[in-house]
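Asker: Would you mind keeping the following structure in view while I ask a few things?
There are 2 protein chains.
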Amino acid sequence: MKLKMEMALDTKECWNCPIKHQAVCARCEPDELARLEDIKYYRNYEAGQPVIWSGDHMEFVASVVTGIASLSQTMEDGRTQMVGLLLPSDFIGRPGRDSAPFDVVAVSDLTICCFRKKPFEELMTTTPHIGARLLEMTLDELDSAREWMLVLGRKTAREKIASLLAIIARRDAALKKHAPKDGMYFDLPLTREAMADYLGLTLETVSRQISALKKAGIIELDGKRKVVIPSLELLINETGDDMDGGPIV
Amino acid sequence: MKLKMEMALDTKECWNCPIKHQAVCARCEPDELARLEDIKYYRNYEAGQPVIWSGDHMEFVASVVTGIASLSQTMEDGRTQMVGLLLPSDFIGRPGRDSAPFDVVAVSDLTICCFRKKPFEELMTTTPHIGARLLEMTLDELDSAREWMLVLGRKTAREKIASLLAIIARRDAALKKHAPKDGMYFDLPLTREAMADYLGLTLETVSRQISALKKAGIIELDGKRKVVIPSLELLINETGDDMDGGPIV
DNA sequence: GCGTGACTTTGATCAGGATCAAACCGGGTA
DNA sequence: TACCCGGTTTGATCCTGATCAAAGTCACGC
Numbered sequence: 001m002k003l004k005m006e007m008a009l010d011t012k013e014c015w016n017c018p019i020k021h022q023a024v025c026a027r028c029e030p031d032e033l034a035r036l037e038d039i040k041y042y043r044n045y046e047a048g049q050p051v052i053w054s055g056d057h058m059e060f061v062a063s064v065v066t067g068i069a070s071l072s073q074t075m076e077d078g079r080t081q082m083v084g085l086l087l088p089s090d091f092i093g094r095p096g097r098d099s100a101p102f103d104v105v106a107v108s109d110l111t112i113c114c115f116r117k118k119p120f121e122e123l124m125t126t127t128p129h130i131g132a133r134l135l136e137m138t139l140d141e142l143d144s145a146r147e148w149m150l151v152l153g154r155k156t157a158r159e160k161i162a163s164l165l166a167i168i169a170r171r172d173a174a175l176k177k178h179a180p181k182d183g184m185y186f187d188l189p190l191t192r193e194a195m196a197d198y199l200g201l202t203l204e205t206v207s208r209q210i211s212a213l214k215k216a217g218i219i220e221l222d223g224k225r226k227v228v229i230p231s232l233e234l235l236i237n238e239t240g241d242d243m244d245g246g247p248i249v
Numbered sequence: 250m251k252l253k254m255e256m257a258l259d260t261k262e263c264w265n266c267p268i269k270h271q272a273v274c275a276r277c278e279p280d281e282l283a284r285l286e287d288i289k290y291y292r293n294y295e296a297g298q299p300v301i302w303s304g305d306h307m308e309f310v311a312s313v314v315t316g317i318a319s320l321s322q323t324m325e326d327g328r329t330q331m332v333g334l335l336l337p338s339d340f341i342g343r344p345g346r347d348s349a350p351f352d353v354v355a356v357s358d359l360t361i362c363c364f365r366k367k368p369f370e371e372l373m374t375t376t377p378h379i380g381a382r383l384l385e386m387t388l389d390e391l392d393s394a395r396e397w398m399l400v401l402g403r404k405t406a407r408e409k410i411a412s413l414l415a416i417i418a419r420r421d422a423a424l425k426k427h428a429p430k431d432g433m434y435f436d437l438p439l440t441r442e443a444m445a446d447y448l449g450l451t452l453e454t455v456s457r458q459i460s461a462l463k464k465a466g467i468i469e470l471d472g473k474r475k476v477v478i479p480s481l482e483l484l485i486n487e488t489g490d491d492m493d494g495g496p497i498v
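Read top to bottom, the protein sequences are chains S and R. Position one of the first sequence corresponds to residue 1 (my numbering), numbered consecutively onward. Position one of the second sequence corresponds to residue 250 (my numbering), numbered consecutively onward.
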């Protein structure tokens, strides 16, 4: 039951049909696709650029095509908490509400596929399975958010870091379409500060815990941003989760 | 944009139609209601009783009728994190998945209205607006969960307690169908331990911070479980949130 | 009344992360 | 080459909340 966060991240799909890792896939029925083509357009952002500020009026909903965006909130005194990472195929915005509840910022270079909201909402009413897929995706995201609440509320700094690395390792393996395995190697897409904001820590603590995991032989670093996992089992031991989070697909 | 948690709690509705504060309301079209009557049944639990354990097979979805339940997860070493409070009209379970992702426990005496899953899923496909309402409710819950991540990740113990009290105050006022106002009085439905599990604190810290808020005149206690809020503004100042979380309806 | 048990409060001490501060590293550029 | 700048590491110290421990409160049953 644990590590569901990772599972949810592993199984993102085209929101229009059940094809994995595509924002909009080629299998969608032609007439629907045609209607989508009609109302969609693309936007590009550079790393660090804001996409939407909390409270902004949103005239579109969108889907991440490539890159990573973050969803976050900031208190007046500057404390910020990231509440989600938006990966390819993740949905941005919500039908039926027109002001954004959170800030969306491009973490890496980012391309999103936008759909004008009104026509998209009409499409939803005439094409029920889109609503059904959206419900399914939203329920998965809700489960993920709740899993993350355990990380934020109850895990130690070291467990938090290990949990984040385990998630990124799994997602990365899924994107490359192979199982995560011992010795795997991946790129850390986040700065220490972004990791801190995601984990409810300070960047110094993040840095120290990464150093500690390195010293303990749980991870190896190649430069600052590339990570090798000698043993997945050792890493997952550090997360505080048990191992039955489903098979490491 | 802040205090959306409270807003979401304020506006729970019948999931079958947009009537507030009812699990299933009388306005639903007669034929649908008839079909619902066909597949529904009630269950009662005493305070403290488990409703579902994480991983259990769920043969029903349900809706809270009266009382409060908690949604929580527990690590092997016993650390537990509550990830949601289920109040009247909240939905339990999810169409399309048959094992529960979290523990559900009755916090107070509890009545839920169950619907056998298979027929409910059929009903959803034949009655699209039920799916639409469920999507809307799920999106609200997702926003609430993400708001709570800020509380867990970035707020101090005192701010956490104040945030929880503010939420309960608003919900309580909403249930009594009047605006929360200075001097309002309500019942604290949670033990110190349950509050701690919700806030990612220990029960001693909860107790100490409640004492501190009392000493500071932010709240008054009548016994252990009844609270008076002399000034809502003072309380909200303590939450760390700004005041623009919408009007205190 | 008395005891019992669940819940709560309070005290003393400890430790995990935060904070403040300085140095380091690597890449870009003048 | 020297410089700068964003990101990172490391060190010293502080403080919030955890932990360990004991006592208080209240409702209940005998």
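C-beta atoms are modelled at their ideal positions from N, C-alpha and C, and glycine is treated no differently.
Name the chain R residues that come within less than 7 Å of G78 (chain S), Cβ to Cβ?
Answerer: Here the premise fails: no neighbours, minimum Cβ distance about 10 Å.
Asker: Buried or exposed: which applies to A275 (chain R), given that a residue is buried once 16 or more other Cβ atoms fall within 10 Å of its Cβ?
Answerer: Because A275 (chain R) carries a pLDDT of 44, less than 50, the predicted location of this residue cannot be relied on, and the following value inherits that uncertainty. Classification for A275 (chain R): exposed.
Asker: Are the CB atoms of R225 (chain S) and A394 (chain R) within a distance shorter than 8 Å?
Answerer: No. Outside cutoff.
Asker: If contact means a Cβ-Cβ distance below 8 Å, which residues of the region 387-399 of chain R contact chain S?
Answerer: Cβ contacts with chain S: T387, L388, E390, L391, D392, A394, R395, E396, W397, M398, L399.
Asker: Within its chain, find whatever has a CB closer than 6 Å to the CB of T239 (chain S); leave out the 5 residues flanking it on each side and keep chain order.
Answerer: The answer, listed in chain order, is E159, A162, S163, A166.
Asker: With a cut-off of 8 Å, does the C-beta of L384 (chain R) fall near any C-beta of chain S?
Answerer: L384 (chain R) counts as touching chain S.
Asker: Quick one: residues in its chain with C-beta nearer than 7 Å to the C-beta of D222 (chain S), no 5 flanking neighbours on either side, listed in chain order?
Answerer: Cβ neighbours of D222 (chain S) beyond the five flanking positions: V228.
Asker: Using a Cβ-Cβ distance cut-off of 8 Å, determine whether L335 (chain R) contacts chain S.
Answerer: Not closer than 8 Å to any Cβ of chain S, the Cβ of L335 (chain R) fails to qualify, so no.
Asker: How close, in whole Å, do the beta carbons of V107 (chain S) and I52 (chain S) come, if the pair is a contact with beta carbons under 8 Å?
Answerer: So it is not a contact: roughly 14 Å between Cβ atoms.
Asker: Just to confirm my understanding: we take A318 (chain R), look at its own chain, exclude 5 residues before and 5 after, and list those with CB closer than 7 Å. What are they?
Answerer: Within the same chain, A318 (chain R) has close Cβ partners V300, L335, V353, V354, A355, V356, L359.
Asker: Compare the C-beta of Q330 (chain R) against all C-beta atoms of chain S and say whether one is closer than 8 Å.
Answerer: Yes, Q330 (chain R) counts as interfacial toward chain S.
Asker: How do the region 374-391 of chain R and the region 130-140 of chain S stand: do at least 3 beta-carbon pairs fall below 8 Å, yes or no?
Answerer: Yes: the two stretches touch, three or more of their Cβ pairs being nearer than 8 Å.
Asker: Just tell me which of R:E453, R:E442, R:K366 has its CA closest to the CA of H306 (chain R).
Answerer: Comparing Cα-Cα distances from H306 (chain R) to each of R:E453, R:E442, R:K366, the minimum goes to R:K366.
Asker: Check the C-beta distance from Y41 (chain S) over to C114 (chain S) and give it rounded, since I have them as a contact under 8 Å.
Answerer: Yes, Y41 (chain S) and C114 (chain S) are in contact; Cβ-Cβ is about 5 Å, under 8 Å.
Asker: Within the chosen definition, does the region 92-103 of chain S reach the region 119-127 of chain S through at least 3 CB pairs nearer than 8 Å?
Answerer: Yes, since at least three Cβ pairs between the region 92-103 of chain S and the region 119-127 of chain S fall closer than 8 Å, the two stretches touch.
Asker: Kindly indicate which residue of R:F340, R:P350, R:S460, R:K464 has the alpha-carbon position closest to the one of A311 (chain R).
Answerer: Among R:F340, R:P350, R:S460, R:K464, the Cα nearest to that of A311 (chain R) is on R:F340.
Asker: Given that R154 (chain S) touches chain R, what residues does it touch there, using C-beta distances under 8 Å?
Answerer: In chain order: M324, R328, T329, Q330, G449.
Asker: Tell me which residue opens and which closes the alpha helix (DSSP H) that T125 (chain S) is part of.
Answerer: Looking at the DSSP string, the run of the alpha helix (DSSP H) that includes T125 (chain S) is 117-126.
Asker: Mind checking if R407 (chain R) is an interface residue toward chain S, Cβ cutoff 8 Å exclusive?
Answerer: Cβ-Cβ to chain S under 8 Å: no for R407 (chain R).
Asker: Rounding to the nearest angstrom, what Cα-Cα distance links C28 (chain S) and L134 (chain S) in this structure?
Answerer: Confidence is the limiting factor: at C28 (chain S) the pLDDT is only 48, short of 50, which leaves the residue's position unreliable, though a coordinate-based value still follows. Roughly 15 Å separates the two Cα atoms.
Asker: From which residue to which residue does the alpha helix (DSSP H) around M195 (chain S) run?
Answerer: It spans 192-199 - the alpha helix (DSSP H) in which M195 (chain S) sits, taken as one unbroken run.
Asker: What distance in whole Å lies between the Cβ atoms of D197 (chain S) and M82 (chain S), which are believed to be in contact at a cut-off of 8 Å?
Answerer: Correct: roughly 5 Å between the Cβ atoms.
Asker: Residues of chain S with CB under 9 Å from G342 (chain R), in chain order?
Answerer: Those do not exist, as G342 (chain R) stays about 10 Å from chain S at its closest Cβ, beyond 9 Å.
Asker: On the criterion of 16 or more Cβ atoms from any shown chain inside 10 Å, does K463 (chain R) qualify as buried, or is it exposed?
Answerer: That one is exposed.
Asker: Does the Cβ of G153 (chain S) have 16 or more other Cβ atoms within 10 Å, making it buried, or fewer, making it exposed?
Answerer: Looking at its Cβ environment, which holds 16 or more other Cβ atoms inside 10 Å, G153 (chain S) is buried.
Asker: Using a Cβ-Cβ cut-off of 8 Å, state whether D501 (chain R) counts as contacting chain S.
Answerer: Lying outside 250 to 498, the shown extent of chain R, residue 501 (chain R) is not represented and no answer is given.
Asker: In terms of alpha-carbon separation, which member of R:G432, R:D436, R:N486 lies closest to D421 (chain R)?
Answerer: It is R:D436 whose Cα lies nearest to the Cα of D421 (chain R).
Asker: Among residues of its own chain, excluding the 5 on either side of N44 (chain S), which ones have a beta-carbon nearer than 6 Å to its beta-carbon?
Answerer: Hits under 6 Å: T111.
Asker: My output table needs one value for I168 (chain S): the three-state DSSP class, helix, strand or coil.
Answerer: Looking at I168 (chain S) - three-state DSSP - the assignment turns out to be helix.
Asker: Using the three-state DSSP reduction, which class does A212 (chain S) fall into: helix, strand or coil?
Answerer: Here A212 (chain S) sits in helix by DSSP.
Asker: Output, in chain order, the set of chain R residues within a Cβ distance shorter than 8 Å of F186 (chain S).
Answerer: Near F186 (chain S) there are no residues of chain R at all, since even the closest Cβ is about 24 Å away, more than 8 Å.
Asker: Per DSSP, what kind of secondary structure is T239 (chain S) in: helix, strand or coil?
Answerer: DSSP places T239 (chain S) in helix when its eight states are reduced to three.
Asker: For G67 (chain S), which option in S:L199, S:L150, S:E46 has the closest C-alpha, if you only look at C-alpha atoms?
Answerer: Measuring from the Cα of G67 (chain S), the nearest candidate turns out to be S:E46.
Asker: Hey, how far is the Cα of W397 (chain R) from the Cα of I236 (chain S)?
Answerer: About 26 Å.
Asker: Can you tell me the Cβ-Cβ gap for S99 (chain S) and G55 (chain S), rounded? I've got them flagged as a contact below 8 Å.
Answerer: Going by Cβ atoms, the distance from S99 (chain S) to G55 (chain S) rounds to 6 Å, so yes, they are a contact pair.
Asker: Measure from the alpha carbon of S207 (chain S) to the alpha carbon of each residue in S:A174, S:A157, S:L232, then state which is nearest.
Answerer: Measuring from the Cα of S207 (chain S), the nearest candidate turns out to be S:A157.
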